[in-house]
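Enquirer: Everything in the first sequence is counted per our numbering, starting at 1 for the first residue and increasing by one. Every residue, glycine too, gets a C-beta built ideally from N, C-alpha and C.
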Amino acid sequence: MNLYDTLTAKTKELTATDGSIKMYVCGITPYASAHIGHAMRSIIFDVLRRYLEYKGFSVKYVENFTDIDDKMIAGAADMGITVQDLAEKNIVAYLDEMDALNVKRADIYPRATEEIPKIQEIISGLIDKDYAYAVQGDVYYKVRKKEDYGKLGHRTLDTMRVGARIEPGELKNDPLDFALWKAEKPGEPSWDSPWGKGRPGWHIECSAMSLAYLGETLDIHGGGQDLVFPHHENEIAQTEAFNNGKPMAQFWVHNGLLRLGEDKMSKSLGNFITVKEALSKFSTDALRLFFLSSHYRSPLNYTNDNVLAQERALERIRTALAGSSGSGTLLTTATYKKRFDEAMEEDLNTPRALAVIFDLCRDINRARDEGGNIAEAQEVLLTIGSVLGLAFAASDNSQNIEAAPFIDLLINIRRELRGAKQFAVADSIRDNLTELGVSLEDSPEGTKWRKR
RNA sequence: GGCGACGUAGCCAAGUGGUCUAAGGCGGGGGUCUGCAAAACCCCUAUUCGGCGGUUCGAAUCCGCCCGUCGCCUCCA
1 MNLYDTLTAK TKELTATDGS IKMYVCGITP YASAHIGHAM RSIIFDVLRR YLEYKGFSVK
61 YVENFTDIDD KMIAGAADMG ITVQDLAEKN IVAYLDEMDA LNVKRADIYP RATEEIPKIQ
121 EIISGLIDKD YAYAVQGDVY YKVRKKEDYG KLGHRTLDTM RVGARIEPGE LKNDPLDFAL
181 WKAEKPGEPS WDSPWGKGRP GWHIECSAMS LAYLGETLDI HGGGQDLVFP HHENEIAQTE
241 AFNNGKPMAQ FWVHNGLLRL GEDKMSKSLG NFITVKEALS KFSTDALRLF FLSSHYRSPL
301 NYTNDNVLAQ ERALERIRTA LAGSSGSGTL LTTATYKKRF DEAMEEDLNT PRALAVIFDL
361 CRDINRARDE GGNIAEAQEV LLTIGSVLGL AFAASDNSQN IEAAPFIDLL INIRRELRGA
421 KQFAVADSIR DNLTELGVSL EDSPEGTKWR KR
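1. Would you report the Cα separation of residue 22 and residue 40, rounded to the nearest angstrom?
2. With 16 as the cutoff for other CB atoms within 10 Å, does residue 79 come out buried or exposed?
3. Within the stretch 88-135, note down every full alpha helix (DSSP H) run reaching 4 residues or more, in order along the chain.
4. What residues are listed by DSSP as bridge partners for residue 261?
5. Less than 7 Å separating the Cβ of residue 189 from some heavy atom of the ligand FMN?
6. Alpha carbon to alpha carbon, how far is residue 134 from residue 70?
7. Are there 16 or more other CB atoms within 10 angstroms of the CB of residue 114, so buried, or fewer, so exposed?
8. Go through its chain and collect everything with a Cβ distance to residue 68's Cβ below 6 Å, but skip five positions before and after it.
9. Taking its Cβ as the centre, do 16 or more other Cβ atoms sit within 10 Å of residue 233, making it buried, or is it exposed?
10. If distances are taken between C-alpha atoms only, which option among 110, 24, 17 and 444 comes closest to residue 252?
11. According to DSSP, residue 412 sits in a beta bridge with which residue or residues?
12. Going by DSSP, which residues form a beta bridge with residue 21?
13. What runs of the alpha helix (DSSP H), each 4 residues or longer, lie entirely inside the stretch 6-51?
14. So within the stretch 346-430, which uninterrupted alpha helix (DSSP H) runs reach at least 4 residues, ignoring any that extend past its ends?
15. What residue range does the beta strand (DSSP E) around residue 442 cover?
16. Short of 7 Å in beta carbon distance, which residues of its chain neighbour residue 290, apart from the five on each side in sequence? Order them along the chain.
17. Is residue 241 near residue 126, with beta carbons less than 8 Å apart?
18. Got a sec? Which residues, its chain only, sit under 8 Å from residue 441 by beta carbon, not counting five neighbours each side?
19. Who are the Cβ neighbours of residue 9 in its own chain at under 8 Å, not counting the five residues just before and after it?
20. Between residue 137 and residue 202, which are expected to be in contact by the criterion C-beta below 8 Å, what is the C-beta distance as a whole number of angstroms?
21. Taking the continuous alpha helix (DSSP H) assigned at residue 291, which residues delimit it?
22. Looking only at DSSP bridge pairs, what is residue 140 linked to?
23. Identify which residue in 159, 34 and 313 has its Cα closest to the Cα of residue 97.
24. So, are the CB atoms of residue 83 and residue 189 less than 8 Å apart?
25. Residue 292 and residue 47 - do their beta-carbons sit closer together than 8 Å?
26. Can you give me the start and stop residues for the beta strand (DSSP E) that residue 276 sits inside?
27. Looking only at C-alpha atoms, which of 56, 349 and 91 sits nearest to residue 3?
28. In chain order, what residues of the same chain have a beta carbon less than 7 Å from the beta carbon of residue 150, not counting five sequence neighbours either side?
29. How many Å lie between residue 62 and residue 365 at the Cα?
30. If contact is defined by three or more beta carbon pairs under 8 Å, each pair taking one atom from either stretch, is the stretch 47-56 in contact with the stretch 254-272?
31. Please name the residue in 116, 208, 438 and 372 whose C-alpha comes closest to that of residue 191.
32. Please determine, among 213, 231, 107 and 245, the residue with the shortest C-alpha to C-alpha distance to residue 145.
33. What residues in its chain sit with their C-beta under 6 Å from that of residue 221, if we drop five residues either side in the sequence?
34. What span of residues does the alpha helix (DSSP H) with residue 213 cover, start to end?
35. Which of the three DSSP states is assigned to residue 456 in this structure?
36. By Cβ distance, which residues of its chain are closer than 7 Å to residue 108, with the 5 residues on each side in sequence left out?
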């Protein structure tokens, strides 16, 4: 397939001579609940992975947790729990939420705190190669030593704002340098190291974990666009310096960011909607459909109405799947599969892929009305849906609410009224229920209701 | 200030030199079904692609300028 690579700023063909793909996706720092921007990233890379698997590749998928950093430490202190407990709590919740979003589990979920030896091995190697230096228990990476620093973000050192920060207490030789290892501060978690007790800096964990679990050159390294600089830039700098210039990844793939209103959704800006909240309002399929309705590299604006529109669109797909097949003309499916593949081949063009799904639905419904054989077409619909992680599960939010027996009772009374042609009273029951948020649908098989 | 992305129907969103009088979804209009509805289905719904110039036989697609929005420039998926 063709995929856009941030490093070369080009769309290139993804190849794998041995049929296997090594994928590393930057996960979350589990200091707080995940928001739907994280969900969008997970779903996009889940779809990329599912598509590659559908095309016959064997994918090894690694997603990390950065479970030690300033925010983890501050968050744990606020809550009066250990950093480890904070991480555990949020990781468990995150994995549950990703399950609920039908995101396939990664093969490995490494955590920074469990990779300290590998982290230290890389830092030592960088010091040996003179790409890093230790100062009073801190270790910093020499940014200016790496000629091509800035290549991922397509910027050069002199175009960078001179405001590179020096935190109080930092002992950098150059403001651009960044910490690989931070000396212990009182009360903070720390590990023994050749440079004294301390903890890893931000970017080094990903270098360590990708090297440890996937090796020197990844096929795909993914994450949100906000990670391009500095996180991935620094990862490249470290990893390639450590590996004597071997490329860290064949493809750098970055998804566009989710917006809420006019701004990017972000934990630090405080404008976000949690995954939990979104899942309480919308079905998994509708959320996935929403995230996939625009191209993954474009920004997407989250609004209730936009997700709701997908909820409605889903009904049409479910109807196409529910129709019973006749024995008439066979609805052939080769063109749909072909069009779906073509869309996905082109830098994961999910909006076009979805258009194929809706075209297929329309044609299934048409064929169904004409008594055609739609069984195979429905199978194809399910198959390509599953590549997008869409299960098309029936939405039955009508079962377990407390009022259910009373609603059923009213429906029964109304059925008798209708039988007696007392339509005015029957309609008034229906209208009143509608006002209360319960809509009734009469059909030859009886009356169904659902919560609105 | 620097770098980059984007601006397509009421809304969301594909398309990036001819097949575009522009895919698909939501909404809207009409119809089928229904006691009436709802749901569902079917049909219709941009001669036009932020503005102005230019290149070209031909531009939504390439170039320039302008207007507007967003992202990044060491917290971020």
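Expert: Reading it off the structure:
1. Residue 22 and residue 40 have their C-alpha atoms roughly 21 Å apart.
2. exposed
3. 116-128
4. Beta bridge pairing from DSSP links residue 261 with no other residue.
5. The ligand FMN is not among the ligands present in this structure, which contains no ligands whatsoever.
6. 20 Å
7. exposed
8. 112, 113 and 199
9. Residue burial annotation: residue 233 is buried, with at least 16 other C-beta atoms found within 10 angstroms of its C-beta.
10. A check of alpha carbon separations from residue 252 across 110, 24, 17 and 444 identifies 24 as the nearest.
11. According to DSSP, which records beta bridges pairwise, residue 412 is partnered with nothing at all.
12. 59
13. You should have found no qualifying run.
14. Restricting attention to alpha helix (DSSP H) runs no shorter than 4 residues, the stretch 346-430 encloses them at 350-369, 375-387 and 404-419, ordered along the chain.
15. 438-443
16. Here the set comprises 306, 307 and 310.
17. yes
18. 447, 448, 449 and 450
19. 154
20. So it is not a contact: roughly 17 Å between Cβ atoms.
21. 284-292
22. Partner(s): 133 and 179.
23. 34
24. yes
25. Closer than 8 Å, so yes.
26. Here residue 276 belongs to no beta strand (DSSP E); instead the alpha helix (DSSP H) covers 275-281.
27. 349
28. Cβ-Cβ distances below 7 Å link residue 150 to 156, 157 and 233 in the same chain, with the five nearest sequence neighbours on each side left out; the list follows chain order.
29. 41 Å
30. no
31. Per the C-alpha coordinates, the member of 116, 208, 438 and 372 positioned closest to residue 191 is 116.
32. 245
33. 24, 249 and 252
34. That run of the alpha helix (DSSP H) goes 204-214.
35. What the structure shows of the chain is the stretch from 1 to 452, and residue 456 is not part of that stretch, so it cannot be assessed.
36. Only 62 and 213 meet the Cβ criterion.
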